[in-house]
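Here's the structure we're looking at; comments come further down.
Residue numbers (the numbering used here): 9 to 459.
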């Protein structure tokens, strides 16, 4: 067993988790700020452009969640468990399997979008110019989607071996490339053509190409615990199964999460363009907490996977509780600050009174429950590391039912309007966090079948 892996298996969990999560969280926060800055750029084009990006944004989130969350978490888990068990050859081979799955995933997403994408955007309430802009954005995004998938998967390989700093550094560098490029293309600065929201999609794809190319180059160098080596190109069913046993159930989570957002978007759209634009701003601000939690959760995936691979379930559970409570506290602070001072955030993106009010109501109702979202989401990532996805997926299904079904009933049966939709979303966050935490307390990671 190499020295890095031994260190990760024996060091005190709390300080180790902080050291590993800090670069992750900082990088993901900086990266998420790119989306907020892009919303500001797009907001300069008017409410119509804001409504268009609100329609398209869930599809970007779905692709990023599937590549970096579901598949990325599964890859990090598989590699961490292999290294924890002392099987480096298996870890080498898993890299090639992960890259193959990423290529297939990006191709599948493009095919589905070409067949059903515009219809889906229309179902969500897109019409006329708003629909055309959203469809153009998504087309560029999915044509270049391979690079988005590669960032998620190759970054997960590094995190699976316990290297959080390199992917974090590259994410920060990519943010400083993407922001000015997006501004130039969206607004037509410095003589460039004004491409509107399509410019943001081009910026995402171009930056993804650069970062994924650098990651693959570094991974091919011999300076890491495992590397991209052609001698290990040997595809086998057991290794695909090892990734898919986590990735397939885990993929249900971003699917239900994004479909939940899509249904909420469709419900909000019935209250008009300003409500839709306001919800888009509010939900983007909410996604500030996801990078914070993802940074913690990615470290938990690696550390829990290593501990499970080494047969130390007690240490894995300790890491789960430590990271989960830390994420809950961090997300809770963000949520309360947003709920207490929503005008500080919203006024940066819009001056339209109706749009401002819709966004304020969303943050007021949902913000106080971010702590439960942080708890559940961090333990979801930790469960990926353990290879124990049954209860996190059950909690995700229940969250979807409460968010969509509960929101619909409150809004349209009890005539609570937008407030009803947002109350349903808040209740769903509470139930999600409580269910996953209860499953860990009841021993969901014990007596797992090892693959």
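Ideal Cβ positions, reconstructed from N, Cα and C, are used throughout, including at glycine.
Ordered along the chain, which non-local residues of its own chain (more than five positions away) have a Cβ less than 6 Å from that of residue i?
{"i": "residue 209", "result": "145, 148 and 149"}
{"i": "residue 302", "result": "36"}
{"i": "residue 458", "result": "Caution is warranted here: a pLDDT of 48 is assigned to residue 458, below 50, making its placement in the model unreliable, and the coordinate value is therefore given only provisionally. Taken in chain order, the list of residues that qualify is empty."}
{"i": "residue 61", "result": "50 and 205"}
{"i": "residue 380", "result": "437, 438 and 441"}
{"i": "residue 286", "result": "363, 366 and 367"}
{"i": "residue 447", "result": "399"}
{"i": "residue 335", "result": "301, 304, 382 and 386"}
Measure from the alpha carbon of residue i to the alpha carbon of each residue in the options, then state which is nearest.
{"i": "residue 115", "options": "327, 355 and 151", "result": "151"}
{"i": "residue 412", "options": "401, 425, 403 and 436", "result": "436"}
{"i": "residue 41", "options": "397, 356, 445 and 240", "result": "356"}
{"i": "residue 5", "options": "419, 18, 277 and 13", "result": "Nothing in the structure corresponds to residue 5, since the chain is present only between 9 and 459."}
{"i": "residue 338", "options": "309, 304 and 368", "result": "304"}
{"i": "residue 155", "options": "175, 181 and 218", "result": "218"}
{"i": "residue 16", "options": "360, 227 and 310", "result": "310"}
{"i": "residue 444", "options": "239, 261 and 58", "result": "261"}
{"i": "residue 316", "options": "351, 418, 220 and 454", "result": "454"}
{"i": "residue 307", "options": "192, 406, 392 and 73", "result": "392"}
{"i": "residue 8", "options": "98, 348, 406 and 299", "result": "A query on residue 8 cannot be resolved here, the shown segment of the chain reaching from 9 to 459 and no further."}
{"i": "residue 423", "options": "401, 374 and 275", "result": "275"}
{"i": "residue 246", "options": "169, 86, 113 and 26", "result": "86"}
{"i": "residue 120", "options": "76, 67, 99 and 75", "result": "67"}
{"i": "residue 95", "options": "349, 314 and 406", "result": "314"}
{"i": "residue 360", "options": "254, 182, 281 and 211", "result": "281"}
{"i": "residue 184", "options": "272, 432, 345 and 216", "result": "216"}
{"i": "residue 69", "options": "251, 407, 266 and 291", "result": "266"}
{"i": "residue 168", "options": "450, 88 and 332", "result": "88"}
{"i": "residue 238", "options": "321, 101, 396 and 123", "result": "101"}
{"i": "residue 223", "options": "283, 376 and 159", "result": "159"}
{"i": "residue 409", "options": "390, 434 and 388", "result": "434"}
{"i": "residue 376", "options": "93, 174 and 347", "result": "347"}
{"i": "residue 271", "options": "429, 349 and 109", "result": "429"}
Starting from residue i and walking both ways along the alpha helix (DSSP H), at which residues does that stretch end?
{"i": "residue 399", "result": "398 to 408"}
{"i": "residue 48", "result": "21 to 51"}
{"i": "residue 350", "result": "350 to 354"}
{"i": "residue 299", "result": "297 to 317"}
{"i": "residue 87", "result": "80 to 92"}
{"i": "residue 100", "result": "96 to 131"}
{"i": "residue 12", "result": "11 to 18"}
{"i": "residue 253", "result": "245 to 277"}
{"i": "residue 387", "result": "378 to 394"}
{"i": "residue 179", "result": "173 to 195"}
{"i": "residue 445", "result": "426 to 449"}
{"i": "residue 66", "result": "55 to 72"}
{"i": "residue 371", "result": "361 to 374"}
{"i": "residue 144", "result": "136 to 151"}
{"i": "residue 241", "result": "Premise fails: residue 241 is in no alpha helix (DSSP H) and is neither H nor E."}
{"i": "residue 214", "result": "205 to 227"}
Between residue i and residue j, how many whole angstroms is the CB-CB distance? I'm expecting something under 8 Å.
{"i": "residue 78", "j": "residue 258", "result": "4 Å"}
{"i": "residue 179", "j": "residue 39", "result": "5 Å"}
{"i": "residue 385", "j": "residue 343", "result": "Incorrect: roughly 13 Å between the Cβ atoms, too far for contact."}
{"i": "residue 64", "j": "residue 142", "result": "4 Å"}
{"i": "residue 200", "j": "residue 187", "result": "About 15 Å separates the two Cβ atoms, so there is no contact after all."}
{"i": "residue 236", "j": "residue 244", "result": "The pair is not a contact, with the Cβ atoms about 17 Å apart (cut-off 8 Å)."}
{"i": "residue 233", "j": "residue 12", "result": "6 Å"}
{"i": "residue 161", "j": "residue 106", "result": "5 Å"}
Going by beta carbon distance, what residues of the same chain come within less than 7 Å of residue i, once the five residues before and after it are set aside?
{"i": "residue 117", "result": "71, 150 and 153"}
{"i": "residue 330", "result": "21, 22 and 25"}
{"i": "residue 416", "result": "275"}
{"i": "residue 255", "result": "78, 79 and 82"}
{"i": "residue 403", "result": "384, 440, 443 and 444"}
Grab me the residues of residue i's own chain with a C-beta within less than 8 Å of its C-beta, minus the 5 sequence neighbours each way, in chain order.
{"i": "residue 279", "result": "366, 425 and 426"}
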